[in-house]
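With this note's numbering applied, the sequence shown corresponds to residues 69 to 380, in that order.
Idealized CB from N, CA, C, for every residue including glycine.
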Amino acid sequence: MKGPLFYSKILLFGEYGIIKDSKGLSIPYNFFKGALKWDNNSSELAQKSNKSLKAFAEYLKTIEKNEKGLVSFDMESLEKDIANGMYFDSSIPQGYGIGSSGALVAAIYDKYANDKITVLENLTREKLLKLKKIFGKMESFFHGKSSGLDPLNSYLSLPILINSQDNIESTSIPSQNTNGKGAVFLLDSGITGETAPMVQIFMEKMKQEGFRNMIKNQFVKHTDACVEDFLNGNIKSLFGNLKQLSHVVLDHFKPMIPAKFHQLWQQGIETNDYYLKLCGSGGGGYILGFTEDLEKAKKALKDYNLEVVYNF
Numbered sequence: 069m070k071g072p073l074f075y076s077k078i079l080l081f082g083e084y085g086i087i088k089d090s091k092g093l094s095i096p097y098n099f100f101k102g103a104l105k106w107d108n109n110s111s112e113l114a115q116k117s118n119k120s121l122k123a124f125a126e127y128l129k130t131i132e133k134n135e136k137g138l139v140s141f142d143m144e145s146l147e148k149d150i151a152n153g154m155y156f157d158s159s160i161p162q163g164y165g166i167g168s169s170g171a172l173v174a175a176i177y178d179k180y181a182n183d184k185i186t187v188l189e190n191l192t193r194e195k196l197l198k199l200k201k202i203f204g205k206m207e208s209f210f211h212g213k214s215s216g217l218d219p220l221n222s223y224l225s226l227p228i229l230i231n232s233q234d235n236i237e238s239t240s241i242p243s244q245n246t247n248g249k250g251a252v253f254l255l256d257s258g259i260t261g262e263t264a265p266m267v268q269i270f271m272e273k274m275k276q277e278g279f280r281n282m283i284k285n286q287f288v289k290h291t292d293a294c295v296e297d298f299l300n301g302n303i304k305s306l307f308g309n310l311k312q313l314s315h316v317v318l319d320h321f322k323p324m325i326p327a328k329f330h331q332l333w334q335q336g337i338e339t340n341d342y343y344l345k346l347c348g349s350g351g352g353g354y355i356l357g358f359t360e361d362l363e364k365a366k367k368a369l370k371d372y373n374l375e376v377v378y379n380f
């Protein structure tokens, strides 16, 4: 037996910025997915996942206790299923910035939450914010502090526009042009990244006034412009803003970019063949790329495997 599938997500714009109220845009990415399973799989991965679910279930009890009225779970069924070997079977790589824990959180909420908010009802802003809050509390188990966006995206399987921390809405993105030359792609860094230490570095930097000003006057400004351009299909303007954003990230987020990609990042800005940006918190995992000419980008990045996410 297995439960419904939950997909990975890609935060196209807004990494780090959404902590400081920039806009953000997150889209489901159906290439990777995960589901809860009940079978007699005794592989090491299944056992590890089962053990992790056991600890997660204990943690969910503390949410019920400390956050009265926010969410409650059918703990009896959950614990019984875990005791019977339930695990989360997922193709979503961990530490790659595409929401592996988010899909698991969505799957657990979907199956075991009492009075759950469903995708089929009229999703008002209040309901979306409540879901985001519940998911944020649940996902904190996996990496310290969570915005709840990854599970929300996975749960709804809809693009989500973040206007600010307390203003989010489901949105539609322009239809892909499958014959277009332009693309958004993922570049595999070949290294696993960890969210918590990267967020820690960011929070430390935020103590400096110069860094705070840069976030407000450059990073958030270009991020917001990219979101607007993308949603409105203003491709020319989008690439102008992407170039600026890629530059700002290279100048100010070096610790989050694996060292061997600094030169490649710079090369994209200089040649305009592609622009790179962080995917999630960085430190490894995937790097996001944008290009107006995919063939050109493929040539320039011939040593790397590019996975196309969206065509312009």
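_Residue of Val376, Asn340, Gly85 minimising C-alpha distance to Asp245_ = Inspection of the sequence shows that residue 245 is occupied by Asn rather than by Asp. Residue Val376 is the option with its Cα nearest to Asn245.
*Beta carbon of Phe100 nearer than 8 Å to that of Ile176*: For Phe100 and Ile176, no; Cβs fall outside 8 Å.
*Which ranges does the alpha helix (DSSP H) cover as unbroken runs of at least 4 residues, wholly within the stretch 93-156, from first to last along the chain?*
Complete alpha helix (DSSP H) runs here, min 4: 112-134, 143-151.
*Only counting runs of 3 or more residues, tell me where the beta strand (DSSP E) segments fall wholly within the stretch 259-284, in order along the chain.*
Along the length of the stretch 259-284, whole beta strand (DSSP E) runs at least 3 residues long do not occur.
*Cα-Cα separation between Asn190 and Ser238, rounded to whole angstroms*: When rounded, the distance between both Cα atoms is 11 Å.
*Can you give the Cα-Cα distance for Asn221 and Glu144, rounded to whole angstroms?*
Computed Cα separation, rounded: 27 Å.
*asked:* Please tell me whether Gln312 and His290 are closer than 8 Å, where the distance is taken between their beta carbons.
replied: It is a contact, given that the beta carbons lie within the stated cut-off.
*Count the other C-beta atoms from every protein chain shown that fall within 10 angstroms of the C-beta of Val187, then say buried if there are 16 or more, exposed otherwise.*
Looking at its Cβ environment, which holds fewer than 16 other Cβ atoms inside 10 Å, Val187 is exposed.
*Start and end of the beta strand (DSSP E) containing Thr339?*
First-last for Thr339: 330-339, but that is the alpha helix (DSSP H), not the beta strand (DSSP E).
_Opposing strand residues paired with Gly78 [DSSP bridges]_ = The residue you asked about is not Gly; residue 78 is Ile in the sequence shown. Ile95, per the DSSP bridge assignment.
*Proximity below 8 Å, CB of Tyr180 to CB of Phe141*: Closer than 8 Å, so yes.
_Under 8 Å, with one C-beta from each stretch per pair, do the stretch 109-123 and the stretch 70-90 reach the 3-pair mark?_
These segments do not touch.
*Spell out the partners DSSP gives Lys345 in its beta bridges.*
Note: Lys345 sits in a beta bridge opposite Leu356.
*Helix, strand or coil: which one does DSSP assign to Glu237?*
Strand.
*Which two residues bound the contiguous beta strand (DSSP E) that contains Asn231?*
Residues 228-232.
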